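Novice: Would you mind keeping the following structure in view while I ask a few things?
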Amino acid sequence: MAPLGLASLLMLLMLKLERQDIASKIMAFSQQGPRSVCILSANGDISDVTLRQPAISGGTVTYEGRYEIISLSGSFLLTEEGGTRSRSGGLTVALAGSDGRILGGGVTGMLVAATPVQVVVGSFIVGGKKPKPEPIRKEPSPPPQILGFGVPLVASPPSEAGTSSGSPDDPGSPTNETGGNACNNTAQQHLQAAYPSLSWSHSANYFTHG
1 MAPLGLASLL MLLMLKLERQ DIASKIMAFS QQGPRSVCIL SANGDISDVT LRQPAISGGT
61 VTYEGRYEII SLSGSFLLTE EGGTRSRSGG LTVALAGSDG RILGGGVTGM LVAATPVQVV
121 VGSFIVGGKK PKPEPIRKEP SPPPQILGFG VPLVASPPSE AGTSSGSPDD PGSPTNETGG
181 NACNNTAQQH LQAAYPSLSW SHSANYFTHG
């Protein structure tokens, strides 16, 4: 059961009962709507009452006479399970006889008022109104990452691509010049081995201008 605060007590009623069964009237009142009720206070006299007494044979005992109400408490809670509503609870009373004897226990039968009895009843909804759950917002998923053979592909900025030097495709780059000189030197060595009569300058000029 959820804890009850002052805001949960939505209605207070005072019942005036005389020569009537207080227990059955409170139970009937609790069944008038989808609300739970609790007894806050009561005052007056009782003429007949049946109480639960586990120590006595049969478990209950009925008292007749005039008894003043010392306290009356209890509640009838509304529960709902599987679409079926039911009520649970009961009343507990403490009475004082004219001879000073104190009686008390759970009310299991009639609780008849001998004089006008005033009962203050609180009516409430257990737990109050439940807030509506907020809709779940889905975050946009990031675009899938494309992997190339386990090596992440990183695009270089346009500024780096435009100002990069040393590209093999650039005719004026140092890498291209080094590669060209190496090819010329290798070709000259092969020509000297095949044609020893040719001079170094002719072969160099041939591959340089040819």
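Quick note: the sequence shown, position 164, residue 164 per full-length UniProt numbering, numbers continuous. Glycine residues also receive a C-beta, built at the ideal position from the N, C-alpha and C atoms. Note that this is a predicted model, so its numbers are computed, not measured.
#1: CB-CB under 6 Å to Glu18, same chain, minus the five flanking residues each way: which ones, in chain order?
#2: Using a 10 Å radius around the Cβ and a threshold of 16 neighbouring Cβ atoms, would you call Gly122 buried or exposed?
#3: Could you check whether Ile70 and Ala42 sit closer than 7 Å to each other, using their CB atoms as the reference points?
#4: Evaluate Ile56 with the Cβ neighbour count: other Cβ atoms within 10 Å of its Cβ, from every protein chain shown; 16 or more gives buried, anything less gives exposed.
#5: Closer than 7 Å by C-beta to Asp21: which residues in its own chain qualify, once you throw out the five before and the five after it? Chain order, please.
#6: Under a three-way DSSP split, which group does Ile102 fall into?
#7: Between which residues of its own chain and Leu91 is the CB-CB distance below 6 Å, once the five residues before and five after are set aside?
#8: Assign Ser73 to one of three DSSP states: helix, strand, or coil.
Specialist: Let me lay it out:
#1: Ala113 and Pro116
#2: buried
#3: no
#4: exposed
#5: Met110, Leu111 and Val112
#6: strand
#7: Ala23, Gly74 and Val107
#8: strand
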